[in-house]
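>
There are 2 protein chains.
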Amino acid sequence: MTRQAEVAVVTVQDIAREAGLSASSVSAVLSGQHVKRRIPSVTVNRILAATRKLRYVPNVTARSLRAKASGTKQVVLSVLTSYEAPVFLLSQTLHALDRAVAQRGEAAANYLVNVEFFHAGRLSQLSGLADGHRCNGAIITNTIDLDDHFLSSAKLAFPVVLLGRRIPGYPGVSARTEMVGRSAAEILVRAGRRKLGVLQPTVLTQATRSRFAAFVATAEQTVGAPPMIITCEGLSERAGYEAMRRVVALNTVCDGIFALSDGLAIGAYLAIKQSGRIIPDDIAMVGVGDNPASHYIDPPLTAFESAEEAQNEAAAQLLINLVNGAPEENLTVEVPIFPVLRESTGHIHEPSLPQSPAKRSKASK
Amino acid sequence: MTRQAEVAVVTVQDIAREAGLSASSVSAVLSGQHVKRRIPSVTVNRILAATRKLRYVPNVTARSLRAKASGTKQVVLSVLTSYEAPVFLLSQTLHALDRAVAQRGEAAANYLVNVEFFHAGRLSQLSGLADGHRCNGAIITNTIDLDDHFLSSAKLAFPVVLLGRRIPGYPGVSARTEMVGRSAAEILVRAGRRKLGVLQPTVLTQATRSRFAAFVATAEQTVGAPPMIITCEGLSERAGYEAMRRVVALNTVCDGIFALSDGLAIGAYLAIKQSGRIIPDDIAMVGVGDNPASHYIDPPLTAFESAEEAQNEAAAQLLINLVNGAPEENLTVEVPIFPVLRESTGHIHEPSLPQSPAKRSKASK
DNA sequence: GTGAAAGCGCTAACAG
DNA sequence: CTGTTAGCGCTTTCAC
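Given below as structure tokens:
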């Protein structure tokens, strides 16, 4: 209904008219066939001139439809994610999808995997959601409430698997995030901390909200006071640093902090150290989120690892099965999520590193 | 020419035949119009059954072509990157592209930005490169030699901007990487280091090779010996850790290391510390690559920052202009690349953090 | 050398 | 309620 600002679209027909020739000649020139078709350079130039003059932009869709012979992929699988999310997990999701596709052997050649981005909160504005003209199936991740709300009332034209969140009616793969917030508080309390704090981004997702709520509730139960809430502008290292710098300037500082994402914790480390405090002696830290740097920073960060690999694997399989006609029963996979205890909470660093995701997944077969 | 394993593709026609109905009825049912068209549920079920039986997967391209009315985007801009590359830079590139599109005002609604992935070395296998049936223009990045070789002899059907590498005949935006290798060696030597080492991935890109070569050459000139070459399996933190762990077990260890990517340096930090050595006292480290964690690790990592923001900005603008008919002269943008000296080479950590990329780019206007 | 015509797969009018 | 028809924009025979 919302009629777009109908920009006049230039087609090969228009160019043909402008140049006083036929569409096929134009097409031949534009696809570099002019030598094969022995079109004289005068004509070629005339066509090229008209093309430029009219500011022609080819319609890839039409080309694609026509190009069946030249190996068009039949099945398009997309990952839909927000611009604002940390991207380091994206590559895992893609790899998982790629592997799932490769498993189909022969048929793999017909699949195409890509990523489309939306601004957090504006998933609904992505085109092709309602009529399925962009993909045959999608993994949707990193949505915020507005997007979730849209999804819960929308009917998408293709199978969808949600990654890292739950919305009734959609197949989804997620981690048990309630456990995270509670467990984070318990770890800090067991490490002897009483003045808890939480580093949280301004915009919460389903997962971060759930972690936050459980952490706050558990803190109130166990130490009898709500945690200090430290708000950060986003999820980046920088955001964590700046928020923490403001906090360490105060007199009363907490002694145990839960960061709703690893990146925030990494940034906070520097602010804490610059203030002359020691981790974990003065402040213990707990993170969450599979940031690859978490193992390696000093001291290594106690963090929850959400078995991303397992989630991605499951989501990819689920999606491919759905696209290939598996019944869309309320398929839901919940993977457990465990803390990896490291020195940032006073635990002794395990000498051997955890297995890499790749190895882990192989071992589980 | 390479005829694919012609998988028989099921169309709505096939379903119609199977169900003994017409294509339009099938289409109506599949697009959820059955209530509007008052199709009895018997018929609906018959169609649905046939659809499942034949394992129908809709052709998104055909839908898209038909869906002109429903807001199909006319101009598709893609970022083509490899699965194997670190993805944290991707989001910047996308943001830049998104901003460049938004600048076009009204017309922005006609643009679609997405990302397509290829396996390093197999760019040539991406479909739609030769006939332009996937996008109207692309930023290509994170290629390895094989891909570059393919590009230099191929003729793509759409405008391309290379990001982070140079290939004759293509517009491109890159940093002056030769400077990096040389400068890295000089920084280490000036910090009093004589036994240099370099952490390098097994697979080199144009940029990493150039950094590597310049570092080796400068090392030979200045300290009279080639650096110790430490090979890592990839670019990850983990790869850096494992490679460095092997090295610290040896008797002779270098005292100044250049890591060809920040991630490798971050991983190496832990191995060095675990061996009881101090950074920078025993080993100085230099990285490169805009990893957001580099500022915040302990000690903060001296690293080259390639003004990614400026590069992305330039590449995005270049691409949009080309797609809109700007003359494809040999447009090449080279941005300088500077070291940020921090404590990992014994420099005093600057009290104020560098400006964030966003601020930096605004300031430069 | 060039144009006319067909058709990729799908959906939306429009007749029945 | 259902089928026929047209056409999205492009490329590719096939005639002329």
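Order-wise, the sequence lines are chains A and B.
For the first sequence, the numbering used here begins at 1 and goes up steadily by one.
For the second sequence, the numbering used here begins at 1001 and goes up steadily by one.
Where a beta carbon is used, it is the ideal one built from N, C-alpha and C, also for glycine.
Tell me, please, whether the CB atom of B:D1282 is closer than 7 Å to any CB atom in chain A?
Judged by the 7 Å Cβ criterion, B:D1282 is not in contact with chain A.
> Should A:S344 and A:P292 be called a contact, given that it needs their Cβ atoms to be closer than 7 Å?
Going by C-beta atoms, A:S344 is not nearer than 7 Å to A:P292.
> If the criterion is Cβ atoms closer than 7 Å, does the pair A:V101 and B:V1057 meet it?
The answer is no: Cβ separation not under 7 Å.
> In whole angstroms, what separates the C-alpha of A:A347 from that of A:P339?
It is His, not Ala, that sits at residue 347 of chain A in the sequence shown. Near 12 Å, if we compare the C-alpha coordinates of A:P339 and A:H347.
> Is the Cβ of A:S64 closer than 7 Å to any Cβ of chain B?
By this cut-off, A:S64 is an interface position.
> Residues of chain A with CB closer than 7 Å to the CB of B:Y994, please, in chain order.
The first residue shown for chain B is 1001 and the last is 1365, placing residue 994 of chain B beyond what the model contains.
> Mind checking if B:L1260 is an interface residue toward chain A, Cβ cutoff 7 Å exclusive?
No, because no Cβ of chain A sits closer than 7 Å to the Cβ of B:L1260.
> Which word fits A:P227, buried or exposed, when buried means at least 16 other C-beta atoms lie within 10 angstroms of its C-beta?
By the neighbour-count rule (16 or more Cβ atoms within 10 Å), A:P227 is buried.
> Output the distance between the C-alpha atoms of A:L162 and A:A85, rounded to the nearest integer angstrom.
If I take the Cα positions, the gap works out to 15 Å.
> With a threshold of 8 Å, are at least 3 pairs of Cβ atoms found where one atom belongs to the region 1048 to 1057 of chain B and the other to the region 1096 to 1116 of chain B?
Touching, no.
> Should A:A249 be labelled buried (16 or more other beta-carbon atoms within 10 Å of its own) or exposed?
Exposed, because fewer than 16 other Cβ atoms sit within 10 Å of the Cβ of A:A249.
> What residues from chain A crowd round B:V1009, counting only those whose CB sits closer than 8 Å?
Result: Q74.
> Whose Cβ in chain A lies nearer than 7 Å to the Cβ of B:N1114?
Here the neighbours are N114, V115 and E116.
> Is the region 1118 to 1127 of chain B in contact with the region 1145 to 1157 of chain B, if contact means three or more CB pairs nearer than 8 Å?
Segments in contact, yes.
> Just by C-beta distance, which residues in the region 1042 to 1054 of chain B are closer than 7 Å to chain A?
Those residues of the region 1042 to 1054 of chain B that come within reach of chain A (Cβ to Cβ, closer than 7 Å) are R1052.
> Would a C-beta distance cut-off of 7 Å place B:V1323 and B:G1172 closer than the cut-off?
No, these two residues do not count as a Cβ contact at 7 Å.
> Using the Cα positions of B:H1034 and A:D131, report the straight-line distance between them to the nearest angstrom.
Cα-Cα distance, rounded: 15 Å.
> Which word fits B:P1168, buried or exposed, when buried means at least 16 other C-beta atoms lie within 10 angstroms of its C-beta?
So B:P1168 counts as exposed.
> Give the single residue among B:I1278, B:I1283 and B:E1309 whose Cα lies nearest to the Cα of B:D1290.
Ranking B:I1278, B:I1283 and B:E1309 by Cα distance to B:D1290 puts B:E1309 first.
> In terms of residues, what are the limits of the alpha helix (DSSP H) holding B:G1312?
A small correction: the amino acid at residue 1312 of chain B is Asn; Gly does not occupy that position in the sequence shown. Note, B:N1312: alpha helix (DSSP H), E1308 to V1323.
> Would you kindly report the start and end of the unbroken alpha helix (DSSP H) that includes B:S1275?
Element bounds for B:S1275: n/a, residue is neither H nor E.
> So, with DSSP's three-state summary, where would you put A:G20?
A:G20: coil per DSSP, three-state reduction.
> Are the C-beta of B:V1340 and some C-beta of chain A separated by less than 7 Å?
Judged by the 7 Å Cβ criterion, B:V1340 is not in contact with chain A.
> When you compare only the Cα positions, how much space is there between A:E237 and B:R1037?
Looking at the two C-alpha atoms, the distance is approximately 55 Å.
> Using the Cα positions of B:E1018 and A:P327, report the straight-line distance between them to the nearest angstrom.
Whole-angstrom Cα-Cα distance: 20 Å.
> Under 7 Å Cβ to Cβ from A:P159, same chain only, skipping five residues before and after it: list those, please.
Result list for A:P159: G137, L319, L322, V323 and E328, in chain order.
> Looking at chain A, is there any beta carbon in it that lies within less than 7 Å of the beta carbon of B:P1292?
Yes, B:P1292 counts as interfacial toward chain A.
> Does B:A1363 come within less than 7 Å of chain A when only Cβ atoms are used?
Low confidence applies to B:A1363: its pLDDT is 32, below 50, so where it sits in the model is not reliable enough to give any reading.
> Count the C-beta pairs between the region 239 to 247 of chain A and the region 217 to 226 of chain A that are closer than 8 Å, then say yes if the count reaches three, no if not.
As far as the Cβ criterion goes, the region 239 to 247 of chain A does not touch the region 217 to 226 of chain A, which means the pair count is below three.
> Which residues in chain B sit within 9 Å of A:D98, going by Cβ to Cβ distance?
The answer, in chain order, is Y1083, F1117 and H1119.
> Residues of the region 298 to 332 of chain A with a CB closer than 8 Å to any CB of chain B: list them in chain order, please.
So the list reads D298, P300, V323, N324 and G325, given in the order they occur along the chain.
> What is the rounded straight-line gap between the Cα of A:Y83 and the Cα of B:Y1083?
Rounded to the nearest angstrom, the two C-alpha atoms are 18 Å apart.
> With a threshold of 7 Å between beta-carbons, can B:T1208 be considered close to chain A, or not?
Judged by the 7 Å Cβ criterion, B:T1208 is not in contact with chain A.
> Using a Cβ-Cβ distance cut-off of 7 Å, determine whether A:R17 contacts chain B.
No, its Cβ sits nowhere closer than 7 Å to a Cβ of chain B.
> What does B:H1095 touch in chain A if you count any residue whose Cβ is under 8 Å from its own?
By Cβ distance, chain A contributes Y83.
> What number of angstroms, rounded off, separates the C-alpha of A:I139 from the C-alpha of B:Y1170?
Cα to Cα, the separation comes out at about 34 Å.
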